[in-house]
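A.B. asks:
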Amino acid sequence: MFSFNKRIDDAYEAALTVKLGDTSKFVIMSDVHRGGGNWADDFAKNQVVYYAALKSYNRQGYTYIELGDGDELWKYKRFSEITTVHKDVFLLLEQFYKDNRIYFVYGNHDIKKKYKPGMLAGRYDEAMKTKVPLFPGAKIYESILLRYGAAGRALFLLHGHQADFLNDRLWRLARFLVRHVWGPMELFGLTNDPTSAARNNKVKEKVEKRLSGWTKETGTLMLAGHTHRPVFPEPGEGKYFNDGSCVHPYSITGIEISLGNITLVKWGQKTHEDGTVYVGKDIIAGPHRLTEYFT
1 MFSFNKRIDD
11 AYEAALTVKL
21 GDTSKFVIMS
31 DVHRGGGNWA
41 DDFAKNQVVY
51 YAALKSYNRQ
61 GYTYIELGDG
71 DELWKYKRFS
81 EITTVHKDVF
91 LLLEQFYKDN
101 RIYFVYGNHD
111 IKKKYKPGML
121 AGRYDEAMKT
131 KVPLFPGAKI
141 YESILLRYGA
151 AGRALFLLHG
161 HQADFLNDRL
171 WRLARFLVRH
181 VWGPMELFGL
191 TNDPTSAARN
201 NKVKEKVEKR
211 LSGWTKETGT
221 LMLAGHTHRP
231 VFPEPGEGKY
241 FNDGSCVHPY
251 SITGIEISLG
261 NITLVKWGQK
271 THEDGTVYVG
281 KDIIAGPHRL
291 TEYFT
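Written out as C-alpha cells, the structure is:
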C-alpha cells in the first residue's frame with residue numbers, strides 16, 4: 001500500500017546535505033513557473049518584481065535555493081521557449097551559478113529536469129544564432145537538508161508534490177490534463193484546474209496535512225512549496241513552513257534564512273510620495289532564531 005510518509009522518508013534519505021551556520025545567508029523561493037511569455041505564463045506579471053528581488057539578494061551575497069517548479073514545463077514543451085523570453089532573469093541566475101550560490105530542486109511542473117538535467121547546460125541566443133552556456137554541469141536535486149551544527153538539527157527542504165499522489169506518481173497524466181484539458185478550459189474562463197494543489201483548496205489542505213503530519217511524526221523541520229500558500233509557524237506551534245510562490249497577484253513570497261534567523265518575506269511594487277513606482281520588501285512573519293524551532 002502506498003504511504004505518503006514513506007514517500008517523504010525516501011526524499012529525506014536522498015537529500016543533499018548543505019551546511020548551515022550563523023553566518024549563512026539563504027533565500028528560498030519556489031513555484032516561479034517561468035513560462036513562454038504568452039497567456040499561459042503566470043510568471044510574466046511578476047517578472048520585474050522577481051528580478052529586482054534576486055538582484056538585491058545577489059548584491060548581498062545570498063545563496064538562492066529554487067525549491068521546485070522554477071520553470072513551467074507542463075504547459076511548455078521546450079525549455080528554450082522560456083529562456084528566450086526571460087533572458088534577463090536567466091542571466092541573473094547565471095551570476096549566482098558562477099559564484100556557486102544556487103541550488104536547484106525539481107518539482108512536479110519541472111520534473112523533466114530530473115530525467116534531462118543536461119537541458120540546463122545551455123540556452124539559445126537569438127542574437128548569436130547559437131547555443132551558449134547557461135548552467136553547465138548543473139545538478140538537480142529532489143531535496144536538500146540544511147544541516148545546522150550538531151547532528152539532528154536540520155531543516156528539510158523539498159518541493160512538496162511528494163504528498164500529492166496525482167502530481168507525483170501520476171505526473172505524466174497530470175501534465176497531459178494541464179496541457180490539453182484544464183489549460184485550454186482556463187483560457188476561456190470555464191474552470192480552474194481541479195487537480196492543482198495551488199488552485200483547489202481541498203487538494204491544498206490534504207497536501208498540507210500530509211506534510212505537516214510528517215513533521216509531527218518525525219520532529220523534523222520542513223520547508224516546502226507546491227501549494228502556493230505561505231506557512232510560517234511561531235516557535236513551539238509547528239515545524240512545517242511553506243515559502244508560498246512567485247505567482248501571487250503582483251507579488252512574490254520567499255523565506256530568508258540569514259545570520260541565524262528565519263523570516264517570511266513578500267516582494268511587490270510600491271509607490272513613493274512623488275508617485276514613482278519601485279520594488280520593495282515587506283516582512284510577513286518573523287524574524288525568529290532558527291534554533292527556537294529545534295526544541
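The sequence shown begins at 1 in the UniProt record's numbering and counts up by one.
Where is the CB? At the ideal position from N, CA and C, for every residue including glycine.
Given the structure is predicted, the values throughout are model-derived calculations rather than measurements.
1. Could you tell me the alpha carbon to alpha carbon distance between P261 and T295, rounded to whole angstroms?
2. Out of curiosity, what's the CA-to-CA distance linking D31 and G118?
3. When DSSP builds the beta bridges, which residues end up paired with Y124?
4. To the nearest angstrom, how far is it from the Cα of K114 to the Cα of G107?
5. Give a single yes or no on whether V49 has its beta carbon closer than 7 Å to a heavy atom of the ligand ZN.
6. Where does T291 sit, in a helix, a strand or coil, going by DSSP?
7. Using the beta-carbon count (16 or more within 10 Å), is L190 buried or exposed?
8. Output needed for A138: all residues of its chain with C-beta closer than 8 Å, excluding positions within five of it in sequence on either side, in chain order.
9. Would you call W39 buried or exposed, if buried means 16 or more other Cβ atoms sit within 10 Å of its Cβ?
10. Nearest to R101 by CA position, among E66, I82, S251, H109, is which residue?
11. Between the stretch 9 to 21 and the stretch 44 to 55, do at least 3 Cβ pairs fall closer than 8 Å?
12. Which one of R34, E256, T84, A127 has the shortest CA to CA distance from I28?
13. Along the chain, where does the alpha helix (DSSP H) that runs through N261 open and close?
14. Only counting the same chain, and skipping five residues up and downstream in sequence, which positions put a Cβ closer than 8 Å to that of K55?
15. So who's on the other strand from E256, going by DSSP bridges?
16. Is the number of C-beta pairs between the stretch 13 to 22 and the stretch 141 to 148 that are closer than 8 Å three or more?
17. Counting only beta-carbon atoms, is T271 nearer than 8 Å to chain C?
18. Going by beta carbon distance, what residues of the same chain come within less than 7 Å of N58, once the five residues before and after it are set aside?
19. Do K202 and M222 have their C-beta atoms closer together than 8 Å?
20. For residue 296 and L177, I'd like the C-alpha separation in whole angstroms.
21. Going by DSSP in three states, A224 sits in which element: helix, strand or coil?
22. When DSSP builds the beta bridges, which residues end up paired with N242?
23. Tell me where the beta strand (DSSP E) around Y103 begins and ends.
24. Below 6 Å CB to CB, which residues in the same chain sit around K266 once its five sequence neighbours on both sides are set aside?
25. Return helix, strand or coil for I82, following the three-state DSSP convention.
26. Where does Y76 sit, in a helix, a strand or coil, going by DSSP?
27. Output the distance between the C-alpha atoms of L264 and S3, rounded to the nearest integer angstrom.
28. Express the C-alpha separation of L158 and residue 301 in angstroms, rounding to a whole number.
29. Go through its chain and collect everything with a Cβ distance to A163's Cβ below 7 Å, but skip five positions before and after it.
30. Could you check what DSSP says for H248 in three-state terms: helix, strand or coil?
C.D. replies: On the basis of the data shown:
1. Locating residue 261 in the sequence shown gives position 261, where the first residue counts as 1. Locating residue 295 in the sequence shown gives position 295, where the first residue counts as 1. One point to set straight first is that residue 261 is Asn, not Pro, in the sequence displayed. Near 15 Å, if we compare the C-alpha coordinates of T295 and N261.
2. Walking along the sequence shown from the start, residue 31 turns up at place 31. Walking along the sequence shown from the start, residue 118 turns up at place 118. Approximately 21 Å between the Cα atoms of the pair.
3. Position 124 of the sequence shown, counting from 1, holds the residue named residue 124. DSSP lists K131 as partners of Y124.
4. Position 114 of the sequence shown, counting from 1, holds the residue named residue 114. Position 107 of the sequence shown, counting from 1, holds the residue named residue 107. Cα to Cα, K114 sits roughly 9 Å from G107.
5. This structure lacks the ligand ZN; in fact it carries no ligand of any kind.
6. Within the sequence shown, numbered from 1, the residue matching residue 291 stands at position 291. Here T291 sits in helix by DSSP.
7. Here residue 190 corresponds to residue number 190 of the sequence shown, with the count starting at 1. Because L190 sits at a pLDDT of 48, beneath the cut-off of 50, its placement in the model cannot be relied upon, and the following sentence gives the value as read from the coordinates. Looking at its Cβ environment, which holds fewer than 16 other Cβ atoms inside 10 Å, L190 is exposed.
8. Position 138 of the sequence shown, counted from the start, is the residue given in the question as residue 138. Only Y97, F104, P117, L120, A121 meet the Cβ criterion.
9. In the sequence shown, residue 39 corresponds to position 39, counting from 1. Exposed is the call here.
10. In the sequence shown, residue 101 corresponds to position 101, counting from 1. Ranking the options by Cα distance to R101, first place goes to E66.
11. no
12. Translated into the one-based positions of the sequence shown, residue 28 becomes position 28. If we check each option's Cα against that of I28, E256 comes out closest.
13. Mapped onto the sequence shown, residue 261 falls at position 261. Run containing N261: none in the alpha helix (DSSP H); it sits in the beta strand (DSSP E), 261 to 271.
14. As a first step, residue 55 is located in the sequence shown; it is residue number 55 there, counting from the start. So the list reads L92, once near-sequence residues are dropped.
15. Taking the first residue of the sequence shown as 1, we reach residue 256 at position 256. For E256, which the question treats as bridged, DSSP gives the partners V27, T263.
16. yes
17. No chain C appears in the structure shown, which is made up of a single protein chain.
18. By 1-based counting over the sequence shown, the position of residue 58 is 58. Correct list, in chain order: L92, Q95, F96.
19. Against the sequence shown, residue 202 aligns to sequence position 202. Against the sequence shown, residue 222 aligns to sequence position 222. No, the Cβ-Cβ distance between K202 and M222 is not below 8 Å.
20. Nothing in the structure corresponds to residue 296, since the chain is present only between 1 and 295.
21. Here residue 224 corresponds to residue number 224 of the sequence shown, with the count starting at 1. Correct three-state label for A224: strand.
22. Taking the sequence shown and counting its residues from 1, one reaches residue 242 at position 242. Answer is A224, V231.
23. For the purposes of this step, residue 103 is identified with residue 103 of the sequence shown, where counting begins at 1. Per DSSP, Y103 belongs to the beta strand (DSSP E) from 102 to 105.
24. The sequence position of residue 266 within the sequence shown is 266, counting from 1. Answer for K266: S251, T253, D282, I284, listed in chain order.
25. For the purposes of this step, residue 82 is taken as the residue at position 82 of the sequence shown. Three-state result, I82: helix.
26. Here residue 76 refers to the residue found at position 76 when the sequence shown is read from its first residue. In this structure, Y76 counts as coil in the three-state DSSP scheme.
27. Here the question's residue 264 lines up with position 264 in the sequence shown. Here the question's residue 3 lines up with position 3 in the sequence shown. Straight-line Cα distance between these residues: approximately 30 Å.
28. This structure cannot settle anything about residue 301, because the visible part of the chain is limited to 1 through 295.
29. Here residue 163 is taken as the residue at index 163 of the sequence shown, counted from 1. For A163, where only same-chain residues beyond five positions count, the Cβ hits under 7 Å are F4, I8, V207, R210, L211.
30. Stepping through the sequence shown from its first residue, residue 248 is reached at position 248. Here H248 sits in strand by DSSP.
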